[in-house]
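Throughout, this note's numbering is defined as the position within the sequence shown, counted from one, plus 149.
Using N, Cα and C, we set each Cβ at its ideal position, and we do this for glycine too.
Remember, predicted model here, so these are calculated numbers, not experimental data.
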Amino acid sequence: MNQILMTENKKKKDKNKKEKKSSGPIEIKGIVRFFAVVIAIFGISLIGEGSYAIYKEAEEKDPKTMPVVTIGRLNDTAVIYVEHSTEISKIIYSWNNGEETVLPEGGRTAQETILLPNQNSVLNITIEDMNGKKVKYQKQYNIEGMDIAKPVIEVEVEDGNKKMTITATDDTEIAYLSYQWENEEPVTIEATEPGQTKIIEELDLTPGTKKINIIAEDVNGNVEQIEKEIVATTSEPKMQLIQNAGQIIIEASDEDGLSEIKLNLNGKQYANKLNGEKEIKLGPVGLKEGNNTILVEVTNVSGYTKKASTELQYTP
């Protein structure tokens with residue numbers, strides 16, 4: 150006798166709105182959507198159509214002793230999530246009547262991600278606990294004609310530029326693009342037209358090094374997420390080496406301010422920690438007779454580092 154354990158309702162999307170906020174509270178819909186996707190990526194819940202398992206067979210039919218199994222889809226993978234009152238020993242799965250794969254476990258919850266086949270198939274799952282009790286489940290996946298390709302996210306940013314561009318593209322239809330700077334509120338930009346395949350968003354940058362989390366989802370529930378560290382600076386450090394007989398002086402400057410300057414002279418390191426000065430001199434430092442190898446590194450307050458190297462001949 151079959152028993153449906155869990156059913157996930159298909160989510161509805163409104164493709165005729167565009168929502169964009171840079172700070173402060175955002176609408177409930179945006180919050181729910183953004184964090185639902187983040188949780189899905191890290192495996193606490195599942196995204197996809199028809200997340201459910203059908204109970205097939207159990208050695209003991211008491212519902213209190215049976216594991217709760219959710220089988221969902223995330224892009225081109227099936228995601229299995231199991232909760233049990235007893236420690237889980239292993240998860241065994243196979244596609245149709247094919248070879249079985251055994252996944253060792255060791256807790257009362259377990260999650261596994263399985264690559265979907267390229268044809269319509271039945272996923273067979275057996276959950277075995279530490280007492281040797283087994284429960285079997287099945288899930289039908291109709292792959293043919295299904296969109297399982299996730300969107301593509303591209304980030305364009307250049308050193309010294311005050312702008313950054315995020316582009317989310319999907320081969321079928323894009324639903325929304327969402328981004329969040331660390332310690333800031335998420336911002337969601339929804340597609341505005343039916344059949345839209347691309348969303349482009351240009352962001353203003355402020356000097357500094359920050360991480361940004363970006364998520365894109367298409368209309369079929371395929372999700373892509375990236376996290377990127379952005380070094381934003383409105384200028385590049387400048388440096389100049391001045392030789393005076395047997396000595397050298399390094400002059401450095403930056404419009405945003407300097408945080409550190411390093412000089413490596415013939416393998417010997419000189420370093421100065423700075424406090425945002427816009428101009429600084431390091432030296433004088435003495436040269437040795439003959440050939441001198443010099444490497445200079447200047448870092449500004451945004452974390453951007455510029456390097457230069459040269460060789461100087463000194464004859465007393």
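Determine the closest residue to residue i out of the options, with distance taken between C-alpha atoms.
{"i": "Q287", "options": "K437, E351, S270", "result": "S270"}
{"i": "T262", "options": "K360, A227, N413", "result": "A227"}
{"i": "I419", "options": "E438, E446, G439", "result": "Here residue 419 turns out to be Tyr, not Ile, going by the sequence shown. Comparing Cα-Cα distances from Y419 to each of E438, E446, G439, the minimum goes to E446."}
{"i": "N267", "options": "N273, K282, A324, W244", "result": "W244"}
{"i": "E327", "options": "K285, I338, N246", "result": "As written in the sequence, residue 327 is Ser, which differs from the Glu given in the question. S327 has its Cα closest to that of I338, out of K285, I338, N246."}
{"i": "N246", "options": "L223, L272, A365", "result": "L272"}
{"i": "Q329", "options": "G406, A365, D320", "result": "A365"}
{"i": "E307", "options": "V231, K417, T214, L352", "result": "L352"}
{"i": "L223", "options": "N332, P216, M295", "result": "M295"}
{"i": "E333", "options": "I349, T318, K360", "result": "K360"}
{"i": "V284", "options": "D319, E322, V301, Y242", "result": "Y242"}
{"i": "S451", "options": "P335, Y325, Q289, V380", "result": "V380"}
{"i": "N415", "options": "T219, N362, K437, I363", "result": "K437"}
{"i": "D320", "options": "N291, V336, Y290, V372", "result": "V372"}
{"i": "N369", "options": "P356, I229, T214, A324", "result": "A324"}
{"i": "H233", "options": "Q389, I349, M215", "result": "M215"}
{"i": "I349", "options": "N362, E305, G439", "result": "E305"}
{"i": "E331", "options": "T358, E322, T318", "result": "T358"}
{"i": "G395", "options": "G256, I220, G221, G439", "result": "G439"}
{"i": "Y453", "options": "L354, N421, L407", "result": "L407"}
{"i": "K455", "options": "I229, T219, N421, K411", "result": "K411"}
What did DSSP end up calling residue i once you bin it into helix, strand or coil?
{"i": "T214", "result": "helix"}
{"i": "P253", "result": "strand"}
{"i": "V450", "result": "coil"}
{"i": "N245", "result": "coil"}
{"i": "G435", "result": "strand"}
{"i": "D296", "result": "coil"}
{"i": "K360", "result": "strand"}
{"i": "L354", "result": "coil"}
{"i": "V228", "result": "strand"}
{"i": "M279", "result": "coil"}
{"i": "S270", "result": "strand"}
{"i": "T346", "result": "coil"}
{"i": "N415", "result": "coil"}
{"i": "E331", "result": "coil"}
{"i": "T464", "result": "coil"}
{"i": "D320", "result": "coil"}
{"i": "L423", "result": "coil"}
{"i": "A394", "result": "coil"}
{"i": "T341", "result": "coil"}
{"i": "K387", "result": "strand"}
{"i": "A307", "result": "The question names Ala, but residue 307 is Glu in the sequence shown. In the structure shown, E307 sits in coil (DSSP, three-state: anything other than H, G, I, E or B)."}
{"i": "N440", "result": "strand"}
{"i": "E367", "result": "Residue 367 is actually Asp in this sequence, not Glu. Three-state DSSP puts D367 in a strand."}
{"i": "L265", "result": "coil"}
{"i": "E404", "result": "coil"}
Please classify residue i as buried or exposed, where buried requires at least 16 neighbouring CB atoms within 10 angstroms.
{"i": "E378", "result": "exposed"}
{"i": "V251", "result": "exposed"}
{"i": "P465", "result": "exposed"}
{"i": "T459", "result": "exposed"}
{"i": "K299", "result": "buried"}
{"i": "A189", "result": "The pLDDT assigned to A189 is 47, lower than 50, so where the model puts this residue is not dependable; a value taken from the coordinates is nonetheless given after this. Buried, since its Cβ has 16 or more Cβ neighbours within 10 Å."}
{"i": "N393", "result": "exposed"}
{"i": "N441", "result": "buried"}
{"i": "G281", "result": "exposed"}
{"i": "Q462", "result": "exposed"}
{"i": "G221", "result": "buried"}
Rounded to whole angstroms, how far is the Cβ of residue i from the Cβ of residue j, which I believe are closer than 8 Å?
{"i": "I297", "j": "D367", "result": "So it is not a contact: roughly 10 Å between Cβ atoms."}
{"i": "I391", "j": "V434", "result": "Incorrect: roughly 11 Å between the Cβ atoms, too far for contact."}
{"i": "L444", "j": "N413", "result": "4 Å"}
{"i": "T448", "j": "E385", "result": "Not a contact, Cβ separation roughly 11 Å."}
{"i": "V231", "j": "A259", "result": "5 Å"}
{"i": "Y290", "j": "L265", "result": "6 Å"}
{"i": "I363", "j": "I292", "result": "Not quite, the Cβ-Cβ distance comes to about 28 Å (not below 8 Å), so this is no contact."}
{"i": "D405", "j": "P356", "result": "5 Å"}
{"i": "M388", "j": "A457", "result": "6 Å"}
For residue i and chain C, any beta-carbon pair shorter than 7 Å?
{"i": "T459", "result": "Here chain C cannot be found, since the structure has a single protein chain."}
Exercise for the section: For the region 399-407 and the region 421-431, state whether three or more C-beta atom pairs, one from each stretch, are separated by less than 8 Å. Expected result: yes
Practice task
Please confirm if the region 271-282 is in contact with the region 234-243, defined as three or more CB-CB distances below 8 Å between the two stretches.
Solution key: yes
Handout entry: Any 3 or more C-beta pairs closer than 8 Å across the region 369-376 and the region 334-349
Key = no
Exercise for the section: For the region 244-260 and the region 305-319, state whether three or more C-beta atom pairs, one from each stretch, are separated by less than 8 Å. Expected result: no
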